[in-house]
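Please read the structure below before turning to the comments.
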Amino acid sequence: MSAPTGHASSRQAVLECAHLVRRFGERTAVDDVSMRIAPGETYGLLGPNGAGKTTTIRMVCGLLRPDAGSVYVAGRAMSTAAGPAKQLIGFVPQDVALYPDLSVRENLRFFGRLYRLPRRRLERRVDEVLHLVDLGSRAGDRVDSLSGGMRRRLNIGAGLVHSPTLLVLDEPTVGVDPQSRHAILESVHRFGEEGMAVLYTTHYMEEAERLCDRVGIIDRGRLVAEGTPRELVALVAERDRVRLTAVGNLTAYAKACRRMARIEGAARSGEHGDVVELVVKDARSLLPDLLDLAHEQGVGVRSVEIDEPDLESVFLHLTGTALRE
Ligand SMILES: Nc1ncnc2c1ncn2[C@@H]1O[C@H](COP(=O)(O)OP(=O)(O)OP(=O)(O)O)[C@@H](O)[C@H]1O
Numbered sequence: 001m002s003a004p005t006g007h008a009s010s011r012q013a014v015l016e017c018a019h020l021v022r023r024f025g026e027r028t029a030v031d032d033v034s035m036r037i038a039p040g041e042t043y044g045l046l047g048p049n050g051a052g053k054t055t056t057i058r059m060v061c062g063l064l065r066p067d068a069g070s071v072y073v074a075g076r077a078m079s080t081a082a083g084p085a086k087q088l089i090g091f092v093p094q095d096v097a098l099y100p101d102l103s104v105r106e107n108l109r110f111f112g113r114l115y116r117l118p119r120r121r122l123e124r125r126v127d128e129v130l131h132l133v134d135l136g137s138r139a140g141d142r143v144d145s146l147s148g149g150m151r152r153r154l155n156i157g158a159g160l161v162h163s164p165t166l167l168v169l170d171e172p173t174v175g176v177d178p179q180s181r182h183a184i185l186e187s188v189h190r191f192g193e194e195g196m197a198v199l200y201t202t203h204y205m206e207e208a209e210r211l212c213d214r215v216g217i218i219d220r221g222r223l224v225a226e227g228t229p230r231e232l233v234a235l236v237a238e239r240d241r242v243r244l245t246a247v248g249n250l251t252a253y254a255k256a257c258r259r260m261a262r263i264e265g266a267a268r269s270g271e272h273g274d275v276v277e278l279v280v281k282d283a284r285s286l287l288p289d290l291l292d293l294a295h296e297q298g299v300g301v302r303s304v305e306i307d308e309p310d311l312e313s314v315f316l317h318l319t320g321t322a323l324r325e
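1 is the number of the first residue of the sequence shown in the UniProt record's numbering; add one for each residue after it.
Structure (structure tokens):
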């Protein structure tokens with residue numbers, strides 16, 4: 001690996017994966033992934049769509065058998081059969097899996113019974129979880145009356161009822177409005193503070209940067225770097241992040257930029273594909289050349305921003321591509 005290893009505590013790890021491999025036919029979806037999560041640590045698996053995040057966490061949760069490698073949860077070996085390791089994990093899938101005609105509280109009770117929680121403890125825990133996901137005021141309402149963001153939060157709550165040691169969340173904020181996104185991030189932050197270990201997958205670098213104690217960057221099935229957000233950003237210290245908003249053939253332009261000296265990564269990105277994101281040394285002196293090249297290629301530059309590097313720049317630097325192309 002080309003990056004700092006971070007500092008998972010030397011206490012017994014909550015999660016320890018070693019050399020995980022999973023193939024689908026000719027494609028290797030996960031290629032030799034190892035990671036370790038300490039108690040109370042929030043670990044972000046950051047990578048673009050198709051990088052192998054979901055496949056990795058399905059193996060972590062015992063939902064998919066690895067072709068090679070091992071998973072231990074609090075020292076217990078994970079397998080796809082029922083067993084003690086599975087009980088220690090709360091898995092929150094990308095898709096909402098709730099009963100629409102039951103109330104919020106009834107849904108949580110239902111998931112608690114699956115784990116055979118005794119009645120009194122279950123009621124206490126359901127109240128705690130309602131508080132944790134901030135749905136106390138909606139406890140009696142049917143799920144089909146909730147907003148999309150509230151359903152997502154309840155989905156997270158369902159993974160928490162049995163007080164797991166490790167909570168695994170698969171891209172919990174995809175497709176939710178900014179307010180719900182904020183509420184979800186706040187909840188996850190609280191879990192960490194309460195000592196739960198969290199494995200969080202995302203392709204939003206702002207989330208990983210804001211929420212995670214350590215981040216693993218995954219690209220094409222491989223963990224290409226790992227460390228605290230600060231350690232990772234240090235990998236691109238003394239570089240600048242340049243965002244060029246433009247019109248024209250930006251894929252070809254980014255490719256041409258990559259051939260220029262001092263450019264360490266260039267990719268088309270942005271929600272509308274109208275941005276070329278670059279990691280460069282000394283952006284200011286390079287700017288005239290970047291603009292000349294744009295002119296040569298018939299690319300019309302609308303604006304240029306030069307900024308401090310962030311995790312997106314690290315990804316660009318390590319893989320040559322953007323997190324969201
Ligand atoms: N059941 C499957 N059969 C065949 N290929 C699969 C299967 N599941 C995943 N893949 C492939 O494995 C690769 C990794 O997919 P995975 O879903 O793990 O990525 P991801 O990082 O979670 O992306 P996304 O956010 O889009 O889910 C992709 O190329 C995907 O097409």
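Ideal placement from N, C-alpha and C gives every residue a C-beta, glycine not left out.
Across the structure, VAL301 and ASN49 are spaced so that their CA atoms are roughly 28 Å apart. With a threshold of 8 Å, the Cβ atom of ILE218 counts as near ligand 1, since some heavy atom of the ligand is closer than that.
Per the coordinates, the alpha-carbon of GLU305 lies some 41 Å from the alpha-carbon of GLU16. Annotated as proximal: VAL129 and GLY157, with beta-carbon spacing under 9 Å. Judged by DSSP secondary structure, GLU271 falls outside any alpha helix (DSSP H); it is assigned neither H nor E. Here the distance from the Cβ of PHE91 to the nearest heavy atom of ligand 1 is not below 8 Å.
The three-state reading of DSSP puts ASP219 in strand, counting E and B together. Following the DSSP letters along the chain, one finds ALA13 in no alpha helix (DSSP H), marked with neither H nor E. With 5 Å as the limit, the residues whose C-beta approaches any heavy atom of ligand 1 more closely are PHE24, ALA29, ASN49, GLY50, ALA51, GLY52, LYS53, THR54 and THR55, in sequence along the chain. By the C-beta density criterion, ASP170 is buried, having at least 16 other C-beta atoms within 10 angstroms. The region 316-325 and the region 259-273 touch, with no fewer than 3 CB-CB distances between them shorter than 8 Å.
One alpha carbon belongs to ILE184, the other to HIS295, and they sit about 44 Å apart. Judged by their CB atoms, LEU132 and LEU160 are nearer to each other than the 9 Å cut-off. Here ARG113 has LEU122 as same chain residues with Cβ atoms under 8 Å from its own Cβ, once five neighbours each way along the sequence are excluded.
Between LEU223 and GLY44, the C-beta spacing is not below 9 Å. Under DSSP, no beta-bridge partner is assigned to PHE110.
Out of SER303, ALA74, PRO229 and GLU209, the CA that lies nearest to the CA of VAL242 is found in SER303. The C-alpha of PRO172 is placed about 8 Å away from the C-alpha of THR202. In this chain, the beta strand (DSSP E) harbouring SER70 covers 68-73. For THR54, there is no enclosing beta strand (DSSP E); the residue is part of the alpha helix (DSSP H) that begins and ends at 53-60.
A straight line joining the alpha-carbon of THR165 with that of PHE315 spans about 30 Å. Distance from the CA of ALA225 to the CA of GLY216, rounded to the nearest whole angstrom, comes to 6 Å.
Sorting LEU290, TYR204 and LYS86 by C-alpha distance to the C-alpha of VAL176 places TYR204 at the top. Note that the region 56-64 touches the region 76-95; at least 3 beta-carbon pairs, one per stretch, sit closer than 8 Å. Only residues of its own chain outside the window of five on either side were considered, and among them ARG125 have a CB closer than 7 Å to the CB of SER163, listed in chain order. The alpha-carbon separation between ARG239 and ALA68 amounts to approximately 38 Å. Using a Cβ distance threshold of 9 Å, ALA256 and ASP274 do not count as a contacting pair. For MET35, the enclosing beta strand (DSSP E) has its first and last residue at 27-37.
By the neighbour-count criterion, in which 16 or more other beta carbons inside 10 Å mark a residue as buried, VAL174 falls on the exposed side. Counting only residues of its own chain and dropping the five nearest sequence neighbours on each side, ILE263 has a CB closer than 7 Å to the CB of CYS257, LEU278 and VAL280. Annotation: ILE37 to ASP310 spans about 23 Å, alpha carbon to alpha carbon. Looking from the CA of ILE57, the closest CA among ARG27, LEU20 and GLU26 belongs to LEU20. Between ARG138 and MET150, the CB-CB gap stays under 9 Å. VAL188 sits away from VAL60, with the two beta carbons spaced by 9 Å or more.
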